[in-house]
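Engineer: The sequence shown runs 83 to 569 under UniProt numbering. Glycine residues also receive a C-beta, built at the ideal position from the N, C-alpha and C atoms. I am attaching a structure below and will ask some questions about it afterwards.
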Amino acid sequence: GSILHWPAAAARDKLLGGLLADGLDEGSCHSRYQAAMYRRNAGREPSAHLVSKLRRHEDLQRRCGPGTAAYSNAVESLRSGKSGGIGSPECRFLVSMSYRGLGNRILAAASAFLYAMLTDRVLLVDPSNEMDELFCEPFPGTTWLLPPGFPLTNYTSFSVDTAESYGNMLKNKVIRTDAGDVPTAQLPAFAYVHLDHTSTVEDKFFFCDEEQRVIRNIPWLVMRTDSYIVPGLFLVTGFQEELDLLFPETDTVFHHLGRYLFHPTNHVWGLVTRYYDAYLATAQQRVGIQVRVFGRQPESPKLLEQITTCTQKENLLPEVIAAGEAAVVPSSPHGRKSKAVLVTSLKSWYYEKLKTMYWEHATATGEAVSVHQPSHEEYQHFGARSHDTKAWAEIYLLSLTDMLVTSGWSTFGYVAQGLGGLTPWVMHKPANESGVADPPCCRDVSMEPCFHAPPFYDCRLKQGADTGKIVPHVQHCDDVPWGLKLV
Ligand code: GDP
83 GSILHWPAAA
93 ARDKLLGGLL
103 ADGLDEGSCH
113 SRYQAAMYRR
123 NAGREPSAHL
133 VSKLRRHEDL
143 QRRCGPGTAA
153 YSNAVESLRS
163 GKSGGIGSPE
173 CRFLVSMSYR
183 GLGNRILAAA
193 SAFLYAMLTD
203 RVLLVDPSNE
213 MDELFCEPFP
223 GTTWLLPPGF
233 PLTNYTSFSV
243 DTAESYGNML
253 KNKVIRTDAG
263 DVPTAQLPAF
273 AYVHLDHTST
283 VEDKFFFCDE
293 EQRVIRNIPW
303 LVMRTDSYIV
313 PGLFLVTGFQ
323 EELDLLFPET
333 DTVFHHLGRY
343 LFHPTNHVWG
353 LVTRYYDAYL
363 ATAQQRVGIQ
373 VRVFGRQPES
383 PKLLEQITTC
393 TQKENLLPEV
403 IAAGEAAVVP
413 SSPHGRKSKA
423 VLVTSLKSWY
433 YEKLKTMYWE
443 HATATGEAVS
453 VHQPSHEEYQ
463 HFGARSHDTK
473 AWAEIYLLSL
483 TDMLVTSGWS
493 TFGYVAQGLG
503 GLTPWVMHKP
513 ANESGVADPP
523 CCRDVSMEPC
533 FHAPPFYDCR
543 LKQGADTGKI
553 VPHVQHCDDV
563 PWGLKLV
């Protein structure tokens with residue numbers, strides 16, 4: 083594509099400051115190498131410690147991953163229910179389930195990856211829901227997809243009631259943490275870690291040091307989460323030193339992990355680049371607006387007003403002037419400043435209204451504003467292939483904008499802001515259905531995603547606590563008040 087519109091891009095480190103390993107076949111995944119040229123915002127630099135940890139982790143994935151003797155042995159041990167057994171002791175595994183919307187799946191995989199790095203486990207991602215078709219392989223020389231033939235055949239139906247969940251094993255005293263170190267031979271061959279929005283207090287003991295010491299020695303973990311559990315990992319004292327070294331800037335965790343892990347496959351990359359080149363590349367500034375419409379919400383003039391007042395008040399988009407007022411005329415048509423607005427939404431109504439507004443009225447600044455929306459799928463489909471492909475392309479396109487407005491609560495927006503390195507302006511839902519949100523949007527405190535289902539427990543005091551007040555960089559989110567985010 084016509085990607086080199088700006089000379090600095092040519093020199094920009096396509097491996098993102100060493101974040102990405104060299105040596106992968108460029109043709110198999112163009113986005114991995116071309117993304118840096120599409121990003122005007124180069125993003126933050128990864129720490130040297132993160133870069134070297136990633137290389138060591140890639141080694142682990144290759145040494146123990148599918149296709150190796152270590153992997154076959156570990157699968158055999160799991161099949162026979164042994165914990166110590168013949169499995170190679172240096173290889174332990176984490177299977178991350180992929181369910182719910184694309185944003186949820188991306189946040190879950192990123193969270194699982196960080197946990198895998200912190201605990202030296204091989205990450206294997208459940209390939210359901212197109213995880214295999216949307217993303218390139220992130221690790222050179224191996225696969226991150228859980229191969230067919232996994233012995234826990236029913237793992238995708240594990241739920242809060244599964245007897246082998248860590249929480250239930252604690253509750254039923256199958257595992258005890260009060261009797262000192264548990265001999266490895268007495269540990270189960272696997273534990274299911276249930277961390278979605280239905281998880282119990284016991285499930286959330288996962289975020290305690292005592293539990294982590296036991297879990298550490300269980301060879302296989304299967305994790306279900308639909309959330310960004312990373313702020314919870316920052317509450318575990320035993321992880322803090324390593325996390326400080328990996329992420330001296332705590333607000334960049336998803337930014338780096340996301341850019342490391344999630345590269346659109348060539349088909350999706352085609353959707354991204356064709357759209358970008360055709361509609362967004364030539365504008366002087368790009369403004370992304372993510373309008374998340376939940377369920378059967380009707381078209382809402384109030385939400386439209388929220389979008390226009392937010393973007394105008396925050397100087398993201400110009401105001402329009404009334405018909406008949408004198409418009410600003412540039413000295414030549416080429417001297418006109420231009421802004422391209424990328425709207426993503428399941429509905430087309432908001433886009434139509436914005437586009438009409440900037441066509442029928444002149445802007446107060448004389449800027450030319452073009453408005454674009456790649457798709458309008460009308461409602462949320464589950465497990466529909468082309469639907470997810472478009473969703474991924476749109477998340478990615480939002481991440482290529484210069485300024486981003488998101489809808490609170492939405493993991494779709496979280497992923498875009500993190501990949502783009504953009505601290506968004508967030509539109510909150512009005513306090514009551516009939517009300518107007520005031521202010522229409524607020525600048526977020528960081529680009530990190532919000533953890534929607536955090537623990538409310540102080541592991542050291544062994545009592546309920548406000549987990550937004552335990553460590554300085556873990557605070558409550560603006561959009562989901564009980565949620566936690568890194569700042
Ligand atoms: P969340 O529900 O907002 O947290 O985001 P998710 O990505 O987890 O789930 C919403 C799903 O609805 C997405 O994965 C898409 O499949 C679909 N969806 C929501 N908004 C959009 C949009 O603006 N564009 C497209 N193409 N799909 C969307």
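#1: Determine the burial state of Gln-545: buried for a count of at least 16 other Cβ atoms within 10 Å of its Cβ, exposed for fewer.
#2: Below 8 Å on the Cβ atoms is my contact criterion, and I expect Glu-127 with Gly-99 to pass it. Report the Cβ-Cβ distance as a whole number of Å.
#3: Going by beta carbon distance, what residues of the same chain come within less than 7 Å of Ala-422, once the five residues before and after it are set aside?
#4: In chain order, what residues have a CB nearer than 6 Å to some heavy atom of ligand 1?
#5: Output the residue ranges of the beta strand (DSSP E) runs that lie fully inside the stretch 419-495 and measure 3 residues or longer, sorted by chain position.
#6: Distance check for Ser-309 and Val-556, CA to CA, integer angstroms please.
#7: Nearest by alpha-carbon distance to Lys-419: which of Thr-445, Ala-408, Leu-339 is it?
#8: Identify, in the order they occur along the chain, each residue of the same chain with its Cβ nearer than 7 Å to the Cβ of Gly-169, setting aside the five sequence neighbours on each side.
#9: Please report the residue range of the beta strand (DSSP E) in which Phe-175 lies.
#10: Can you tell me which of the three DSSP states Gly-503 falls into?
#11: Does the beta-carbon distance from Lys-384 to Val-518 come in below 8 Å?
#12: So what does DSSP say about Trp-564, is it helix, strand or coil?
#13: Looking at C-alpha atoms only, which residue of Arg-161, Pro-313, Gly-109 is the closest neighbour of Glu-530?
#14: Does the distance between the C-beta of Ala-118 and the nearest non-hydrogen atom of ligand 2 fall short of 7 Å?
#15: For Arg-122, report the span of its beta strand (DSSP E) as first-last.
#16: Among the candidates Ser-281, Arg-525, Gly-502, whose CA atom is the shortest distance from the CA of Gly-490?
#17: So, helix, strand or coil for Gln-379, using DSSP?
#18: Just to confirm the assignment: which complete beta strand (DSSP E) runs, minimum length 3, are found wholly within the stretch 241-305?
#19: Could you tell me which residues DSSP puts in a beta bridge with Cys-524?
#20: Tell me which residues share the same chain as Ser-247 and place their Cβ nearer than 6 Å to its Cβ, disregarding the 5 neighbours each side in the sequence.
#21: Return helix, strand or coil for Gly-546, following the three-state DSSP convention.
#22: Quick test of your reading: Asp-291 and Gly-320, contact by CB under 8 Å. State the CB separation rounded to the nearest angstrom.
#23: Does DSSP put Gln-366 in a helix, a strand or coil?
#24: Within a Cβ cutoff of 6 Å, which residues of the same chain sit near Phe-221, ignoring the five residues on either side of it in sequence?
#25: Rounded to whole angstroms, how far is the Cβ of Val-204 from the Cβ of Phe-175, which I believe are closer than 8 Å?
#26: Among Thr-493, Gly-109, Arg-138, Gly-550, which one has its Cα closest to the Cα of Gly-340?
#27: First and last residue of the alpha helix (DSSP H) that includes Arg-145?
#28: So, using beta-carbon positions, are Ala-473 and Val-354 closer together than 8 Å?
#29: Residue range of the alpha helix (DSSP H) that Leu-339 falls in?
#30: Mapping the DSSP letters down to three states, classify Tyr-181 as helix, strand or coil.
#31: Expressed to the nearest angstrom, what Euclidean distance is found between the alpha-carbon atoms of Glu-212 and His-458?
#32: Distance check for Ile-297 and Glu-323, CA to CA, integer angstroms please.
Structural biologist: Reading off the structure:
#1: exposed
#2: Cβ atoms of Glu-127 and Gly-99 come within 8 Å of each other, at about 5 Å.
#3: Tyr-361, Leu-362, Ala-365, Arg-368, Ser-452, His-454
#4: Going by the Cβ distance cut-off, the answer is Arg-182, Gly-183, Leu-184, Gly-185, Asn-186, Arg-374, Thr-426, Ser-427, Leu-428, Ser-457, Glu-459, Gln-462, His-469, Asp-470, Lys-472, Ala-473, Glu-476, Ser-492, Thr-493, Phe-494.
#5: 420-427, 450-454, 485-489
#6: 16 Å
#7: Thr-445
#8: Only weak support exists for where Gly-169 lies, its pLDDT of 47 falling under 50; the value from the coordinates is given anyway. Closer than 7 Å at Cβ, skipping near neighbours: Asn-155, Ala-156, Ser-159, Pro-301.
#9: 174-178
#10: coil
#11: yes
#12: Trp-564 sits in coil when the DSSP states are folded into three classes, being neither helix nor strand.
#13: Pro-313
#14: Ligand 2 is absent from the structure shown, which contains only ligand 1.
#15: Per DSSP, Arg-122 belongs to no beta strand (DSSP E) and is neither H nor E.
#16: Arg-525
#17: coil
#18: 272-276
#19: Val-508
#20: Tyr-274, His-276
#21: strand
#22: About 5 Å separates the CB atoms of Asp-291 and Gly-320; that is less than 8 Å, so the two are in contact.
#23: coil
#24: Glu-140, Gln-143
#25: 5 Å
#26: Thr-493
#27: 130-146
#28: no
#29: 335-343
#30: coil
#31: 20 Å
#32: 19 Å
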